[in-house]
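Enquirer:
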Amino acid sequence: MFGQWSQSILVRTTLVILGAVGLAGLIFIFLAAGVTASDSEDRAKIHLSQLLDTVESSVRAACYVNDRALAREIAVGLLKNNDVLSVKILASNLVLAQETHPGLNTRQVNRESARGIPIHRKIISPFDNTEIVGEIIVTPNRIEIESQSSQSVWFIVMLLGSQLLVIAAIVLPSVLYLVSRPIKKLSDTLHELDPASGDLLLPPTGHEHDEIGRLVSDINALTGRFLGSLHHEQAARETIENTEQALTESELRYRTIFESAGDAIFLIRDNIYIDCNDSTLELYGCQRSDIIGCTPYRYSPEYQPDGSLSSKLAEEKANAASAGETQLFDWEHCRLDGTCFSAEVRLKLIKLHQGTYLQAIVRDITTRKNTERMLANAKEEAEKTTQAKSAFLASMSHELRTPLNAIIGFAQMLDMGIPVPLALSQKQPVRHILSSGRHLLGLINEVLDLTRIEAGRMDISASTVAVTPLIENIIALVQPGAAERRINIQYSSHSEAKICADPVRVRQILLNLLSNAIKYNRDDGLVLVSCQEKNNVVNISISDTGSGIPKQQHVLLFQPFQRLGAEYSITEGTGIGLVICKKLTEAMNGRIGFESKEGIGSRFWVELPAATASHINVAPEIRTVDAPKNSQVHGIVLYVEDSPVNASVMEHIFSHLTEVQLIIAATAEAGLDIIHANPPDLVLMDINLPGMNGLDALLVIKSDPYTASIPVIAVSAAALPQDVKRGLEAGFSAYLTKPFEVTELITMVAKILGNDRRR
Amino acid sequence: MKSNRLTRIIRCTLLLALMISAPVNADVVVIVSANCDATALSRREIINIFMGRYRFLPSGHAAKPYDLPTTDPRKAQFYLALTGKNISDIDAYWARLVLTGNASPPDEASSQEAMLDKIARNPWSIGYLDRSIIDNRVRVIFDPEH
């Protein structure tokens, strides 16, 4: 109990104050007692001396005249003073008076006399300062002196005691009020405080700026710091835990992947295998102990397929991977039993704290290699097939065109009335021959187009095309056919729209659609063409008043060789026109579609992107130059042609041009001889010739400065665009494909010879 | 101690003053009867006689001193010259002793003439007078001024 009390500041302060004041008081009392005692002694001495002074003249008189009565009187008078114990007056050798304190007995007097130091004073004569007439001896009363002294001491003790009480009475409540209570209050608050929730300790009222206030702010600061570091530590611990967990998970993940991977995985350190997974053992057919500790090229043949030394190449790869570049390469491996296999190796650097590793993932690619090989073979095969197909088509095209040239050529001549005008009854059959021949030609061209489109070898150029002139041009083209069946074509939009497309292809598409609209229309029908621009898209639609397309057949439209029953009608068609239209439109980033109602008609539409300002590539206008009159055309033309029928066609055509001399050469060699012997004004050159072909012959002509200026026009059944392109690049002035239009040929010849003439 | 020295200084000063002023005042001398057997008396003997301590002559006879009246300035002059004390001190001295009765001051002569007469008549008597009025009946035994 006391131990607990002694913990209290109040009690301790009290004890300390009381102890200190008490001790100081005791020392002070002792000092005071001593001082008081000696002071009393001194004062007593002075007092006695003063007493003697007052009676001295009387004593002098008494001693002078030896007056006993006076001496006794003086002694008794002195003894009235309590400080005086006894008085003795002597005159020379005579005792004049000896008196003691009346309250004391002789024994006491003797005892006190022994303690007190008597005061002796010589008495001199009143009339002669040099003569000593007696002596007075006074003994002080120590009892009295000491009692006075002890009274003083007691007074001081009382004073000190009261002071002690007063100090205690002031200090203790002060300590209680100023220190103990606020600290207790503070402590209570501190106990109730929850620092984690951010509570702050408030200083007791009135103590904001004193030591307690500072203590409070120190506690708050300390708590803040402590909490801060606690939170920090907590966060750090959480981070560490999370990190450890993540690490463990990550490791587990890696381990799982490592162990369950189908590929062989190695870990390499310092060019030595230090770990591998189970797939490795399976792949190499060995034990783990066979792998670990080996160099990476241990399970490789001495040389790789490319001839380099395995050990050297492996080292290079390892070095490159160590530099941080992940290596992916094929590698030939050998199993323990000596069998080899191809593998894809992925070498990657793993940087860890305790060092750097290389991870090699080895995948057996034997199957893949085989597949690849098979794939390559198949591709080669396919390419061969494609080439064969192309060659077949080209050759087909060529072989079909050559006879067609004769058919159409002669039919045209007959139709033109060369050499003699036909009878009316002959005219219709010749027209049939001509149209059938042209239909066959169109069929061949479309099949070729489709083939090219499907092979993705369609050349599409993009330029800005004004829609209205194009449509009007096409309408003019089909107008005669429409007029025959009294079909009215109306184009009312006259739009200013411009599209971004290949003008030739757009023309092809629109022509196809318009031809269909006429072809499948009824007699006295109507075709409406309109054009609208909306959201940067130009929509051209062509409506007809035909029989429409049944709904179940909608899906078959745009499929090759689907004529939707028309194959059984009298209407001619190949069934691939719309397919080509669709492919071309899509190739030009457009859309094509239709809507149809059976018995009312169909509407086909094409949407093509509108030309923006960026499409500045304006298609050159097709300008027709008026050919000079046939009568003005004259000169020598050499025609190199191996086919006698075609040569005959040409001869018939030129027979019409009376001023032009046509020379025929059956081979290039013969042609060149003629050119050298007698340079013509123009050479028409077939390309597929026996012996030297047309292109080589052209080179010979162009390489000889004597003949280089002679224009050479190709006339060939090789009608594929790449053939035309190649021919023009080689130096032909123009390229006519067989079967050619007679008028076109004549126009071209006339133009060249006319120019030549003018030149 | 200090006061003692002070009183001594004062006394000396007073003595000096008396010595200077003496020729101005009348010359007071101690006289005895012409019949007196004493031939010489010291100052101490004279003080003893006058201050009541030892009133005997050298011959063994009791001496009878006489004072002049208190009103006579010569009394003060005589005591001052003899003891160096003022008359008031002398009076205080006698006041202390008179009460106990063991000693008494000298009898008083009513005047100088009476003093002269008394001294002349009694050979054991002793007194003091102005030197000027001395006759042959008496004898100057001591001059306190010297």
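In order, the protein sequences belong to chains A and B.
Under the numbering used here, think of the first position of the first sequence as 442, with each following residue one higher.
Under the numbering used here, think of the first position of the second sequence as 4, with each following residue one higher.
Note that beta-carbon positions come from the ideal geometry of N, C-alpha and C, so glycine has one too.
(1) Let's test the definition: count the other Cβ atoms within 10 Å of the Cβ of A:VAL1059 and tell me whether it reaches 16, buried, or not, exposed.
(2) Check whether the stretch 1072 to 1087 of chain A and the stretch 1184 to 1197 of chain A touch, using three or more Cβ-Cβ pairs below 8 Å as the test.
(3) Does the pairing of the stretch 473 to 485 of chain A with the stretch 60 to 73 of chain B give three or more beta-carbon distances under 8 Å?
(4) Taking C-alpha atoms, which residue in A:ASP635, A:SER479 and A:VAL462 lies nearest to A:VAL607?
(5) State yes or no: is the beta carbon of A:PHE568 nearer than 8 Å to at least one beta carbon in chain B?
(6) Using beta carbons (cut-off 8 Å, strictly below), is A:SER593 in contact with chain B?
(7) Please go through the same chain and pick out, in chain order, the residues whose beta-carbon is closer than 6 Å to the beta-carbon of A:LYS1024, but skip the five residues on each side of it.
(8) Should A:GLU514 be flagged as near chain B, meaning a C-beta pair shorter than 8 Å?
(9) Cβ of A:VAL462 less than 8 Å from any chain B Cβ?
(10) Out of A:ASP635, A:LEU619 and A:ARG776, point me to the one whose CA is closest to A:HIS650's CA.
(11) Are the CB atoms of A:GLU974 and A:ALA938 within a distance shorter than 8 Å?
(12) Alpha carbon to alpha carbon, how far is A:GLN1000 from A:ALA829?
(13) What's the C-alpha gap between A:LEU841 and A:ILE885?
(14) Just checking: is the beta-carbon of B:TYR131 within a distance shorter than 8 Å of some beta-carbon in chain A?
(15) Which value, in whole angstroms, describes the spacing of the CA atoms of A:ASP629 and A:ALA609?
(16) Taking 8 Å as the threshold (beta carbon to beta carbon), is B:GLY55 in contact with chain A?
(17) Can you list the residues of chain A that B:LEU99 reaches, using a CB-CB cut of under 8 Å?
(18) Please check if any C-beta of chain B sits within less than 8 Å of the C-beta of A:ASP483.
(19) Below 9 Å between beta carbons is the criterion; list the residues of the stretch 98 to 129 of chain B that meet it against any residue of chain A, in chain order.
(20) Give the range of the beta strand (DSSP E) segment to which A:ARG1032 is assigned.
(21) Assign A:PRO1061 to buried or exposed, taking buried as 16 or more other Cβ atoms, counted over all protein chains shown, within 10 Å of its Cβ.
(22) List, in chain order, every chain A residue whose beta-carbon is nearer than 7 Å to that of B:TYR69.
(23) Should A:VAL476 be flagged as near chain B, meaning a C-beta pair shorter than 8 Å?
(24) Just verifying my parser: in three-state terms, what is the DSSP assignment at A:ASN980?
(25) Check whether the Cβ of B:ILE90 lies closer than 8 Å to any Cβ atom in chain A.
(26) Touch check for the stretch 946 to 965 of chain A and the stretch 925 to 935 of chain A: three-plus C-beta pairs under 8 Å?
(27) Quick one: give me the first and last residue of the alpha helix (DSSP H) that A:ILE797 is part of.
(28) Could you name the residues of chain B that A:VAL506 contacts, counting a contact when the two beta carbons are closer than 8 Å?
(29) As a quick exercise: from A:GLY466, A:LEU493, A:GLU514 and A:ARG776, pick the residue whose alpha carbon is nearest that of A:MET599.
(30) Going by CA-CA distance only, name the one from A:ILE733, A:ALA702 and A:LEU605 that's closest to A:LEU708.
(31) If distances are taken between C-alpha atoms only, which option among A:THR780, A:THR547, A:LEU882 and A:ARG513 comes closest to A:GLY539?
(32) Identify, in the order they occur along the chain, each residue of the same chain with its Cβ nearer than 8 Å to the Cβ of A:GLY602, setting aside the five sequence neighbours on each side.
(33) What's the gap between the Cα of A:VAL947 and the Cα of A:GLN1163?
(34) Quick check: the stretch 34 to 45 of chain B against the stretch 120 to 136 of chain B, are at least 3 beta-carbon pairs closer than 8 Å?
(35) Does any CB atom of chain A fall closer than 8 Å to the CB of B:ILE136?
(36) I want to see whether chain B comes within less than 8 Å of A:HIS561, judged by CB atoms only; does it?
Expert: Looking at the coordinates:
(1) In this predicted model, A:VAL1059 has a pLDDT of only 48, less than 50, meaning its place in the structure is not dependable; the value taken from the coordinates is given anyway. Its Cβ having fewer than 16 others within 10 Å, A:VAL1059 is exposed.
(2) Short answer: they touch.
(3) Cβ pair count under 8 Å is below three, so no.
(4) The candidate whose alpha carbon is nearest that of A:VAL607 is A:VAL462.
(5) Closer than 8 Å: yes.
(6) No, because no Cβ of chain B sits closer than 8 Å to the Cβ of A:SER593.
(7) Around A:LYS1024: ILE894.
(8) Chain B contact via Cβ: present.
(9) A:VAL462 does not count as touching chain B.
(10) For the residues A:ASP635, A:LEU619 and A:ARG776, the minimum Cα distance to A:HIS650 belongs to A:LEU619.
(11) The answer is yes: Cβ separation under 8 Å.
(12) Cα to Cα, the separation comes out at about 25 Å.
(13) If you draw a straight line from the Cα of A:LEU841 to the Cα of A:ILE885, it is about 8 Å long.
(14) Chain A places no beta carbon closer than 8 Å to that of B:TYR131, leaving this residue out of the contacts.
(15) Distance between the alpha carbons of A:ASP629 and A:ALA609: 27 Å.
(16) Among the residues facing chain A, B:GLY55 is included, as its CB has a counterpart in that chain under 8 Å away.
(17) The sequence shown places Arg at residue 99 of chain B, rather than the Leu named in the question. Residues of chain A passing the Cβ test: SER498, SER499, ALA502, ALA503 and LEU511.
(18) So, not an interface residue.
(19) Of all residues in the stretch 98 to 129 of chain B, the ones placed with a Cβ closer than 9 Å to any Cβ belonging to chain A are ARG99, LEU100, LEU102, THR103, GLY104, ASN105 and ALA106, in chain order.
(20) For A:ARG1032, the enclosing beta strand (DSSP E) covers residues 1032 to 1038.
(21) At A:PRO1061, the pLDDT of 44 sits below 50, so the modelled position is not reliable and the matter cannot be decided from this model.
(22) Those within 7 Å of B:TYR69 in chain A number zero; the least Cβ separation is about 19 Å.
(23) For A:VAL476, the closest Cβ of chain B is not nearer than 8 Å.
(24) Looking at A:ASN980 - three-state DSSP - the assignment turns out to be strand.
(25) By this cut-off, B:ILE90 is not an interface position.
(26) The stretch 946 to 965 of chain A vs the stretch 925 to 935 of chain A: in contact.
(27) Position check: residue 797 of chain A holds Thr in this sequence, whereas Ile was assumed. Where A:THR797 is concerned, there is no enclosing alpha helix (DSSP H), although the beta strand (DSSP E) it sits in stretches over 796 to 805.
(28) Residues of chain B whose Cβ lies closer than 8 Å to the Cβ of A:VAL506 are, in chain order, MET54, GLY55, ARG56, LEU100, ASN105 and ALA106.
(29) Among A:GLY466, A:LEU493, A:GLU514 and A:ARG776, the Cα nearest to that of A:MET599 is on A:GLY466.
(30) Here the closest residue by C-alpha is A:ILE733.
(31) Reading off the sequence, residue 539 of chain A comes out as Gln, not Gly. Ranking the options by Cα distance to A:GLN539, first place goes to A:ARG513.
(32) Non-local beta-carbon contacts of A:GLY602 in its own chain, meaning distances under 8 Å to residues more than five positions away in sequence, involve GLY466 in chain order.
(33) Looking at the two C-alpha atoms, the distance is approximately 20 Å.
(34) With contact defined as three or more Cβ pairs closer than 8 Å, the stretch 120 to 136 of chain B and the stretch 34 to 45 of chain B are in contact.
(35) Not an interface residue.
(36) Judged by the 8 Å Cβ criterion, A:HIS561 is not in contact with chain B.
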